[in-house]
Every structure is written in C-alpha cells, then in structure tokens.
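Chains as they are written, first to last, in the numbering used here: chain A, 624 to 754; chain X, 624 to 754. Beneath this line is the structure, given in structure tokens, with notes to follow.
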DNA sequence: ACATAATGATACTCATGTGGTATCATTAGT
DNA sequence: ACTAATGATACCACATGAGTATCATTATGT
C-alpha cells in the first residue's frame, strides 16, 4: 500500500525543478530528463496541475509552465488531492454486521483519527521543504 | 486508497462472530451467512488465519475453527499483517533526483513517522474491542 | 504566410492487484 | 461407506495504475 503514487512523485520532482530553475517558464522538454520521466507522461501530469491552478501554462513556442504560487504555498497534500484523489483511509468496510452503531464504531473513529493526522502531516510538507 | 481491505474486514467479522458464539468450534457454513460472504471465500481467509496461528482448525465432521487465543490478544494489526501484507506507506518513490540525501530526506522521515503511528493505532484495536 | 515549438485533450494499451469462484484432496465422525 | 468439514491450488473477472500515441490548438520567429 502506497501513500503516495508515481504521479505525485513526478509532480513533486518537476515542481522542485521549476522552483530551482528560476525562469519565467519551464517546458516539459526541459524537465523530462532531470525529473526522469517520459515527456508525454509528464505533460499529462502538468496538465492536471494546470487545471488545479497549481501552475500557469503558456502555450506556443518558448512557452511552458510556471509555479502559480510560491513553493512554500504548494503542499504535498494539494498534489495528492489533485493527482490521486482525496486521501480517504476510511472506506468503512465494516457494516452493520460487526458494528451495530455505525456512528459510534470504535474502528471508524480510530481510522478517522489516523486519516486526520495523516492529512495534517502531508499538509505540512511543501515544495520549498523539498527543494 | 483503503487502509483495510475486504479480507481483513471479513476476518474481523468472522472472529467477532466466533468470540460471541462461545462454542468449541465454528464451521464456515455457520459463519458465512451472518458474516455476509460466500463460503469458499471465507474458507480461504480462515485458512490463512490458521496458518498464521490466529485460529485452530478441526477437520472432519463436526469440525471448524476456534480462536487460538483470547479476543483481547488478537489485534487488527495482526490481521492486516497476515491478510494484506505488512503495511508500508513508505515505498520511497522519491529517489536521488529530488532527495540527494536519502537518509536525511524530510519526506521519508515524515512518512516513516506516519507509518509508525498508524501501526501503533491498529495494534491497539482488538477483536474484543469490536465484539 | 509558414514552419516550429510548445500545451490541451483524449483514447488506447499493458501490467498488477484485488475480489471471488471452482475443484480436488484429506480428515474425521456416524 | 457416507457425509461434513478443512487443506491446497488453480483459475477468472474486474478495477486501478502506469505509460504511450495521436491529433488539435496556440504562439513565436523568420
């Protein structure tokens, strides 16, 4: 079970690269090698980040992507939310059979607590921290 | 992303059923309905629990399964370890590109901490708690 | 105008993991 | 012997994840 998937991994690498690059825009062609991922795949990821408003996109020759906000304001949690969907440990597979009082279920509360703490932790890691 | 999969879910229900049943042995045929899962599937799960020493198995007519230890000594973590493999959030997808100092990587430490806390929490939930 | 270099959108393929079924062998009670 | 149980495996179906391919669109530079 992975907490963080490839997309988030590559996205973080790319954003770190962009943060360090200190250029107006950075194209996928420029990033793909240092990030270590094929161009088309990275493009797909960058497009998602663009739709989510994490990066700006500039089309056309000389274009590319740019961070839409400062590295310290881009958190790992944002990347996870965008690229692997909201992190929910709490699918509550346990139904009425085991847990007559759904609302009071011990396990559900435990798992909900774990989830809250996990989210707080990944929310505390920014691109600046990684760069 | 699920912290706990179906196998663990069904196993917990079955063990709770057994803990409540207060019989020398409980057969799959008896459990499958209240647990809400097809017999063959539950059997496969019970076989794993047996190999792991969590339950005893009695073959032949009148046989079935029995808890190998008290409900308060069977934890959710044991079930997770047996049925979905050791819980590892920390696959460290981040390599040298982003994290020159593997041993000192902030992210790795964060994730390792989350994992430790998660394991401690699921270790604190027993079948007795659920019954 | 036109070639070129970039992103936007989308469809497709392939591998892996998960959930579930089927079958035959073995064991023990009646 | 018959029957009711587990033991062991092999198999299948579906969802998800990882990655590729293709065409459309936009902007720059000559």
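Ideal Cβ placement from N, Cα and C applies to all residues, glycine included. These numbers come from a predicted model, not from an experiment.
With distance defined between alpha-carbon atoms, name the residue in the options nearest to residue i.
i: residue 743 of chain A; options: A:674, A:679 and A:701; result: A:701
i: residue 693 of chain X; options: X:678, X:704 and X:683; result: X:678
i: residue 736 of chain X; options: A:733, A:735 and A:745; result: A:745
i: residue 752 of chain X; options: A:659, A:645 and A:731; result: A:731
i: residue 710 of chain A; options: A:652, A:673 and A:734; result: A:734
i: residue 669 of chain X; options: X:689, X:657, X:683 and X:699; result: X:689
i: residue 683 of chain X; options: X:658, X:645, X:650 and X:627; result: X:650
i: residue 634 of chain A; options: A:646, A:645 and A:661; result: A:661
i: residue 673 of chain A; options: A:654, A:691 and A:658; result: A:691
i: residue 654 of chain X; options: X:750, X:629 and X:640; result: X:640
i: residue 658 of chain A; options: A:625, A:629, A:707 and A:738; result: A:629
i: residue 695 of chain A; options: A:645, A:750 and A:625; result: A:750
For a contact defined as C-beta to C-beta under 7 Å, what are the partners of residue i on chain A?
i: residue 733 of chain X; result: 744 and 748
Cβ of residue i less than 8 Å from any chain A Cβ?
i: residue 690 of chain X; result: no
i: residue 643 of chain X; result: no
i: residue 665 of chain X; result: no
i: residue 672 of chain X; result: no
i: residue 653 of chain X; result: no
Could you work out which residues of chain A lie near residue i, taking near to mean beta carbons separated by less than 9 Å?
i: residue 700 of chain X; result: Under the 9 Å cutoff, chain A gives no residues; its nearest Cβ is about 12 Å from residue 700 of chain X.
Between residue i and residue j, which are expected to be in contact by the criterion C-beta below 8 Å, what is the C-beta distance as a whole number of angstroms?
i: residue 703 of chain A; j: residue 631 of chain A; result: 6 Å
i: residue 686 of chain X; j: residue 648 of chain X; result: 6 Å
i: residue 754 of chain X; j: residue 636 of chain X; result: With a Cβ gap of about 10 Å, residue 754 of chain X and residue 636 of chain X do not count as contacting.
i: residue 705 of chain X; j: residue 671 of chain X; result: 6 Å
i: residue 697 of chain X; j: residue 741 of chain X; result: Wrong, their Cβ atoms sit about 18 Å apart, outside the cutoff.
In chain A, what lies closer than 8 Å to residue i by C-beta?
i: residue 740 of chain X; result: 737 and 740
Please compile the residues from chain X whose C-beta is within a distance smaller than 7 Å of the C-beta of residue i.
i: residue 706 of chain A; result: None at all; the shortest Cβ gap to chain X is about 12 Å.
Opposite residue i in the DSSP bridges: which residues?
i: residue 681 of chain X; result: X:687
i: residue 649 of chain A; result: A:688
i: residue 749 of chain A; result: A:698
Give a single yes or no on whether residue i has its beta carbon closer than 7 Å to a heavy atom of the ligand NAD.
i: residue 672 of chain A; result: With respect to the ligand NAD, the structure shown offers nothing to examine, as it has no ligands at all.
Does the beta carbon of residue i sit closer than 8 Å to a beta carbon anywhere in chain X?
i: residue 724 of chain A; result: Model confidence at residue 724 of chain A stands at a pLDDT of 48, short of 50, so the residue's coordinates are unreliable; what they give is reported in the following sentence. So no, residue 724 of chain A is outside the interface.
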